[in-house]
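For our numbering, add 4 to where a residue sits in the sequence shown, where the first one is 1. All C-beta atoms, glycine included, are put in the ideal place defined by N, C-alpha and C. A short worksheet on the structure shown next.
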Amino acid sequence: MGGRGFAMLGILVVAVAGGSLAWWALQPGAAEEKATAAFLDRFWTHPIPAQGQPPEGFTPLEASLDPGACRSCHPDRFAEWDASLHSQAMGAGIWWQFRVKSPEQVKECARCHAPMAEQLALMGRDLGWEDTGGAPPEHVPADLHREGLVCAACHVRGHKRFGPPAEDPLPAERAPHDGFVATEAYRSSRFCAECHQFPEDGPKLNGKLRENTYEEWRASRYAEEGVTCQSCHMPGQKHRWKGIHDPGMVREAVTVELDAEPAGEGAYRVAGEVANTGAGHKFPTYLTPKVYARLVLEDGQGKVREELDRAVIGWGADVEMTEELYDTRLSPGEAVRLQSEARLPDQAAGWRVALHLDVAPQEHYERLFRYMFQQADKMSAETVRTLEQALKEAVATRFRALSERVALDGEG
């Protein structure tokens with residue numbers, strides 16, 4: 005699988021692990037912060053070591069690493085995870101890449117997409133570059149590597165369960181799997197940073213870390229006010245992790261204003277604004293998504309008659325991620341303004357101006373996947389089918405987040 009296109013795949017997965025937490029500066033005297041950092045530095049090793057043999061006395065259900073086993077006692081959390089992007093971390097968009105990457109490249113991406121040693125072994129067997137020595141043990145489901153970021157990746161080490169302190173925990177002797185170890189680390193933004201922040205020496209574009217979400221948050225007022233990643237992305241400890249793919253989350257992140265002032269007969273001065281008033285990091289934070297703001301003139305039936313102005317909000321790069329095309333992301337509190345003059349024809353009853361906000365969560369991948377079809381003749385038929393599925397799924401994520409409209413009376 006030679007060629008420039010395949011060679012560059014090692015740098016194309018944007019969401020790759022950020023490495024050890026040891027490089028973060030700690031506030032002097034912050035004992036809790038130090039304890040959290042120390043815990044997470046031990047907790048996040050790559051790959052996550054194999055769990056080993058289950059403790060004596062564990063039932064098959066207690067020993068299992070299958071997310072479905074967790075559903076028995078945590079049905080709501082399982083349903084939330086199952087509908088989240090974490091459960092889709094090993095979907096077609098990454099799997100076709102793994103089929104053409106080297107083992108070293110796969111292991112780097114798997115740090116966050118499927119971080120457990122058991123998942124990596126199963127992956128190697130499927131991809132033909134690792135002999136796992138037969139079937140996996142009973143507590144490891146054969147499809148665990150295709151389940152993405154599973155419950156055990158964040159909650160199990162050496163068959164011990166970990167999680168945030170519970171309001172009314174069961175005594176360990178009555179709880180399944182010998183209860184769990186409670187730690188405040190699960191309420192810290194540092195927990196999320198392992199897969200949402202590159203270290204200072206990580207991959208960059210135009211001198212900027214390609215993944216810098218934690219540091220963007222740390223520099224914002226939200227960090228000072230104690231608003232953590234979990235506050236917005238896991239409210240009530242819900243395991244949904246909604247973000248740029250969710251229309252409601254986008255509407256919470258931005259404020260849109262639209263105004264039209266008379267400027268003579270049949271004419272209006274139109275101005276719109278999109279401001280980042282709710283995201284605790286840049287909007288959007290990654291290279292992958294793009295947000296399109298369009299200021300348009302609509303007739304009485306809602307048909308667009310003229311595009312007055314437009315703006316792209318995002319971080320653009322070529323598919324090889326070697327050249328920055330633009331960076332128009334909005335830091336917390338920043339805004340982009342659109343303006344133009346609108347002229348109405350005679351008898352323009354019901355006409356109005358509108359500001360539409362459209363989101364393409366996977367825009368960079370859409371371009372990448374189309375680009376890689378140029379090398380389809382070097383791929384297996386199954387890889388091509390997976391790539392086709394990946395492109396279809398990426399395009400399907402597009403949506404209109406909101407529309408703001410102001411009626412024009414036609415008199416100016």
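The DSSP assignment places complete beta strand (DSSP E) segments of no fewer than 3 residues inside the region 285-309 at 294-302, in order along the chain. Ala157 sits in a helix when the DSSP states are folded into three classes. In the three-state reduction of the DSSP assignment, Thr49 falls in the coil class. Annotated as proximal: Gly304 and Gly354, with beta-carbon spacing under 8 angstroms. Contact between the region 169-185 and the region 193-202 is absent, with fewer than three C-beta pairs closer than 8 angstroms. In this structure, DSSP gives Arg347 an extended state, which the three-state scheme calls strand. Three or more beta-carbon pairs separated by less than 8 angstroms are not found between the region 369-382 and the region 275-283, which leaves the two stretches without contact. The C-beta of Ser91 has 16 or more other C-beta atoms within 10 Å across all chains shown, which makes the residue buried. Looking only at Ala346, Thr187, Leu174, the smallest Cα-Cα distance to Lys38 is reached by Thr187. Separation of Val185 and Phe377 (C-alpha to C-alpha, rounded to the nearest whole angstrom) is 48 angstroms. In the assembly as shown, Leu391 is a buried residue. Its beta-carbon has 16 or more other beta-carbons within 10 Å. Burial state of Lys246 is buried, judged by a 10 Å Cβ sphere holding 16 or more other Cβ atoms. Contact between Val410 and Leu262 holds: CB atoms are separated by about 5 angstroms, below the 8 angstroms threshold. Beta-bridge partners of Ala186 (DSSP): Gly167.
When rounded, the separation of the alpha-carbon atoms in His243 and Pro169 is 16 angstroms. Using a Cβ distance threshold of 8 angstroms, Asp313 and Gln343 count as a contacting pair. In terms of Cβ geometry, Glu397 and Gly167 do not form a close pair [threshold 8 angstroms]. As the crow flies, the alpha-carbon of Arg161 is around 12 angstroms from that of Pro119. At the C-beta level, Leu334 and Val340 come within 8 angstroms of one another.
Non-local beta-carbon contacts of Leu124 in its own chain, meaning distances under 6 angstroms to residues more than five positions away in sequence, involve Pro51, Ala114 in chain order.
Linking Leu359 to Glu310 through their CA atoms gives a straight-line distance of about 12 angstroms. Proximity to His368 across Ala400, Thr292, Ala267, Leu412 peaks at Thr292, based on C-alpha coordinates.
Within the model, the alpha-carbon separation for Ile248 versus Glu60 is close to 44 angstroms.
Nearest to Val323 by C-alpha distance, out of Val144, Glu36, Gln366, is Gln366.
Residue range 258-266 is occupied by the beta strand (DSSP E) that includes Pro266.
Taken through DSSP and simplified to helix, strand or coil, Val399 comes out as helix. For Tyr296, the closest of Asp86, Ala405, Arg191 by C-alpha to C-alpha distance is Ala405. Beta-bridge partners of Trp319 (DSSP): Asp331.
Residue nearest to Ala223 within the set Gly128, Gly337, Ala315, Met383 is Gly337 (criterion: CA-CA distance). Measuring C-alpha to C-alpha distances from Gly152 to each of Glu328, Leu89, Ser106 identifies Leu89 as the nearest.
Val308 counts as exposed, since fewer than 16 other beta carbons sit within 10 angstroms of its beta carbon. In summary, Gly284 is buried, with 16 or more beta-carbon neighbours lying within 10 Å of its beta-carbon over all protein chains present.
As a beta-bridge residue in DSSP terms, Asp313 pairs with Leu299.
Inter-segment contact for the region 66-73 and the region 141-150 is present: three or more beta-carbon pairs are separated by less than 8 angstroms. By the Cβ-count criterion, Cys199 is buried, with 16 or more other Cβ atoms from all chains shown falling within 10 Å of its own Cβ. Minimum Cα-Cα distance from Gln201 among the listed residues Tyr290, Ser384, Leu361, Glu302 corresponds to Tyr290.
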